[in-house]
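Asks: Going by the numbering used here, the residue at position 91 of the sequence shown is 91; the numbering climbs one at a time, nothing skipped.
Glycine included, each C-beta is placed from N, C-alpha and C at the ideal position.
Please find one structure pasted underneath; my questions will follow.
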Amino acid sequence: MIFMNIVLLGAPGSGKGTQGKRASEEFGLAYISTGDLLREAVKKGTPLGVKAKSYMESGGLVPDDLVVGLIKEKARGLQKGFLLDGFPRNILQAKMLDEITKIDLAINLQVDEDEVIQRLGKRRTCQKCNAVYHLENKPPKKTGVCDVCEGELILRTDDTESVIRERLRVYKEKTLPLTEFYEKRGIIKNIKGQGDINEVYSRIASVIRSHKE
Ligand code: AMP
Numbered sequence: 001m002i003f004m005n006i007v008l009l010g011a012p013g014s015g016k017g018t019q020g021k022r023a024s025e026e027f028g029l030a031y032i033s034t035g036d037l038l039r040e041a042v043k044k045g046t047p048l049g050v051k052a053k054s055y056m057e058s059g060g061l062v063p064d065d066l067v068v069g070l071i072k073e074k075a076r077g078l079q080k081g082f083l084l085d086g087f088p089r090n091i092l093q094a095k096m097l098d099e100i101t102k103i104d105l106a107i108n109l110q111v112d113e114d115e116v117i118q119r120l121g122k123r124r125t126c127q128k129c130n131a132v133y134h135l136e137n138k139p140p141k142k143t144g145v146c147d148v149c150e151g152e153l154i155l156r157t158d159d160t161e162s163v164i165r166e167r168l169r170v171y172k173e174k175t176l177p178l179t180e181f182y183e184k185r186g187i188i189k190n191i192k193g194q195g196d197i198n199e200v201y202s203r204i205a206s207v208i209r210s211h212k213e
């Protein structure tokens, strides 16, 4: 176990969920995905979910105050380091995060746009535990069924072509500038997110290992 706070950056479909969960397990970090937390809130119909739903369905960003509230709640009293997937999504969120805690490392997963579009269309997500599959690169053992919890695998409503395009547009406009933000601070590591899933993971794991030494 290490005590380190990591943010995972990268376009939608760059592998943040798949790789982030694995790294969190190996290094004993709390895995916090704002996308997963928001989808959970939408599913349960909580006040937060009701407010967030339409933004998510259209591929836009949920208002900052709502998402920052979520992170504060999760980070409070945490006895270990964390790995954030999907937060921050813009400069304001990054500044708000600085007020909550210190970020040690930003990992930026780089994947070509064509590949991202291809990946998202073939992505299937477990409705129950949020595990992520890809119909060709990481298929489940049984079609339509999650290997981990046997939940139903679905195509996320925002993984359809028109919403994917909007999410990528929002990513380029709002989220991509974060790479410069963390670059200036000297804590960013760019990692090639294409190629074999295990190879990409080894790149990430070695960056984390060398950072903690
Ligand atoms: P993700 O699972 O990270 O792709 O997130 C799915 C959707 O949740 C995004 O398209 C946004 O609508 C919303 N979302 C997730 N994280 C954030 C965030 N940090 N700020 C605003 N909206 C977010």
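1) Which whole-angstrom value describes the C-beta separation of Gly193 and Leu120, a residue pair presumed to lie in contact below a C-beta threshold of 8 angstroms?
2) Mind checking whether the beta-carbon of Gly151 lies closer than 6 angstroms to any heavy atom of the ligand AMP?
3) Give the DSSP bridge partners of Ile107, in chain order.
4) Report buried or exposed for Phe87, applying the criterion of at least 16 other Cβ atoms within 10 angstroms of its Cβ.
5) With three or more beta-carbon pairs closer than 8 angstroms as the criterion, would you say the region 60-78 touches the region 96-113?
6) Measure the CB-CB distance between Gly221 and Asp85 and report whether it falls below 7 angstroms.
7) Counting Cβ pairs closer than 8 angstroms, one from the region 137-148 and one from the region 33-49, do we hit at least three?
8) Distance, Cα to Cα, Asn5 vs Pro12?
9) Quick check: is any heavy atom of the ligand AMP less than 6 angstroms from the C-beta of Gly35?
10) Suppose the cutoff is 6 angstroms on Cβ atoms and the five residues either side in sequence are ignored; what does the same chain contact list for Lys33 look like?
11) Confirm the yes/no value for this check: CB of Leu61, any heavy atom of the ligand AMP, distance under 6 angstroms.
12) Is Tyr201 near the ligand AMP, going by C-beta to nearest heavy atom under 6 angstroms?
13) Give the range of the alpha helix (DSSP H) segment to which Leu92 is assigned.
14) Grab me the residues of Arg214's own chain with a C-beta within less than 6 angstroms of its C-beta, minus the 5 sequence neighbours each way, in chain order.
15) Would you tell me roughly how many angstroms separate the C-alpha atoms of Arg276 and Glu136, rounded to the nearest one?
16) Within 10 angstroms of its Cβ, does Arg169 collect 16 or more other Cβ (buried), or is it exposed?
17) To the nearest angstrom, report how far apart Arg209 and Val68 are at their CA atoms.
18) Per DSSP, what are the beta-bridge partners of Val132 in this structure?
19) Nearer than 6 angstroms: is that true of the beta carbon of Arg89 relative to any heavy atom of the ligand AMP?
Replies: Taking the definition as stated:
1) Along the sequence shown, read from residue 1 onward, the residue named residue 193 stands at position 193. Along the sequence shown, read from residue 1 onward, the residue named residue 120 stands at position 120. Gly193 to Leu120, Cβ: 13 angstroms. No contact.
2) Taking the sequence shown and counting its residues from 1, one reaches residue 151 at position 151. No, since every heavy atom of the ligand AMP falls outside the 6 angstroms radius drawn around the Cβ of Gly151.
3) Residue numbering aside, residue 107 sits at position 107 when the sequence shown is read from its first letter. Looking at the DSSP assignment, Ile107 forms a beta bridge with Leu8 and Lys189.
4) As a position in the sequence shown, residue 87 is number 87, starting the count at 1. So Phe87 counts as buried.
5) yes
6) Here the chain has residues from 1 to 213 only, and residue 221 is not among them.
7) no
8) What you label residue 5 is simply residue 5 of the sequence shown in a count that begins at 1. What you label residue 12 is simply residue 12 of the sequence shown in a count that begins at 1. Approximately 21 angstroms, taken between the alpha carbons.
9) The residue given as residue 35 occupies position 35 in the sequence shown. Checking every heavy atom of the ligand AMP against the Cβ of Gly35, one is found closer than 6 angstroms.
10) Counting from 1 along the sequence shown, the entry for residue 33 is found at position 33. Correcting the residue type first, residue 33 is Ser in the shown sequence and not Lys. For Ser33, where only same-chain residues beyond five positions count, the Cβ hits under 6 angstroms are Asp85 and Gly86.
11) Locating residue 61 in the sequence shown gives position 61, where the first residue counts as 1. The answer is yes for Leu61.
12) Sequence index remark: in the sequence shown, residue 201 carries index 201 (1-based). Result no, Cβ not under 6 angstroms from the ligand AMP.
13) Counting from one through the sequence shown, the residue named residue 92 turns up at place 92. Where Leu92 is concerned, the enclosing alpha helix (DSSP H) stretches over Ile91 to Ile100.
14) Outside the shown range of the chain, which is 1 to 213, sits residue 214, and nothing can be said about it.
15) Limits of the chain in this structure are 1 at one end and 213 at the other, which puts residue 276 out of reach.
16) Counting from one through the sequence shown, the residue named residue 169 turns up at place 169. So Arg169 ends up on the exposed side.
17) Residue mapping note: residue 209 aligns to position 209 of the sequence shown, counting from 1. Residue mapping note: residue 68 aligns to position 68 of the sequence shown, counting from 1. Distance between the alpha carbons of Arg209 and Val68 is about 28 angstroms.
18) For the purposes of this step, residue 132 is taken as residue 132 along the sequence shown, with counting starting at 1. Answer by DSSP bridge pairing, in chain order: Thr125.
19) On the sequence shown, position 89 is the one that residue 89 refers to. For the ligand AMP, at least one heavy atom lies less than 6 angstroms from the Cβ of Arg89.
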